[in-house]
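In this text, residue positions in the sequence shown follow the numbering used here: the first is 4, and each later residue adds one. The structure under discussion appears below in the form of structure tokens.
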Amino acid sequence: MKIRPATEADHEKVMAVQAENPDLMQLDPMANRINGPVFVAEDDNGNVVGVAIGRLCVEAFMYLRPSLTAFAKAKAIKGLSKEGFKTMAEAGLSEAHIFTTDKGFAKLCEGLPGAHADSRKHLWVNLEESK
């Protein structure tokens with residue numbers, strides 16, 4: 004198996020491999036320059052059989068005083084996210100990820116404009132440790 008950086012000439016092949024995985028997010032990595040590196044895996048015949056796409060996004064962290072009322076928490080979350088997300092979008096980012104184990108906080112965040120609940124299992128990778 005040969006792994007190499009994708010080129011513009013690989014665009015249709017990259018999109019075709021993704022199309023064979025309809026349950027996964029479909030990205031056009033060559034259309035959005037905010038995306039990170041794209042690699043292809045080629046079999047012994049030179050066929051592209053796998054694709055890895057690095058996509059830049061941001062993880063949003065919010066900290067609130069635990070003593071706030073539910074109404075005050077909701078108001079703070081709404082205001083902080085509106086300003087923060089606007090700034091992130093202006094920087095060219097298309098997504099912000101919010102991970103939490105607090106169900107009440109998650110419920111408040113699900114009500115934000117553009118927010119989508121996600122049932123997938125999420126993993127994070129420390130890139131320094133992955134070398």
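Built from N, CA and C at the ideal position, the CB exists for glycine as well.
C-alpha distance - residue i paired with residue j, whole-angstrom precision
| i | j | result |
| --- | --- | --- |
| Gln29 | Ala22 | 7 Å |
| Phe64 | Gly87 | 10 Å |
| Glu15 | Gly49 | 15 Å |
| Val20 | Glu45 | 12 Å |
| Leu111 | Ala77 | 6 Å |
C-beta atoms of residue i and residue j nearer than 7 Å
| i | j | result |
| --- | --- | --- |
| Ile56 | Pro32 | yes |
| Met91 | Val51 | no |
| Leu96 | Ala79 | no |
Sequence-distant residues of its chain with Cβ nearer than 7 Å to residue i (five each side left out)
| i | result |
| --- | --- |
| Ala9 | Val17, Val41, Phe42, Val43 |
| Ser84 | Leu115 |
| Asn24 | none |
Contact set for residue i: own chain, Cβ-Cβ below 8 Å, skip 5 residues either direction
| i | result |
| --- | --- |
| Asn38 | Leu30, Pro32, Ile56, Gly57, Arg58, Leu59 |
| Thr103 | Ala109, Cys112 |
Residue i, buried or exposed, once every other Cβ within 10 Å from all chains shown has been counted against 16
| i | result |
| --- | --- |
| Ser122 | exposed |
| Ser133 | exposed |
| Ser70 | exposed |
| Val128 | exposed |
| Leu27 | exposed |
Close-in-space but distant-in-sequence residues of the same chain around residue i (CB under 6 Å, 5 per side omitted)
| i | result |
| --- | --- |
| Asp13 | Val43 |
Residue interval of the alpha helix (DSSP H) (run including residue i)
| i | result |
| --- | --- |
| Phe102 | Run containing Phe102: none; DSSP gives neither H nor E here. |
Endpoints, the beta strand (DSSP E) within which residue i is located
| i | result |
| --- | --- |
| Phe42 | 38-45 |
| Gly53 | 51-58 |
| Lys81 | Here Lys81 belongs to no beta strand (DSSP E); instead the alpha helix (DSSP H) covers 73-93. |
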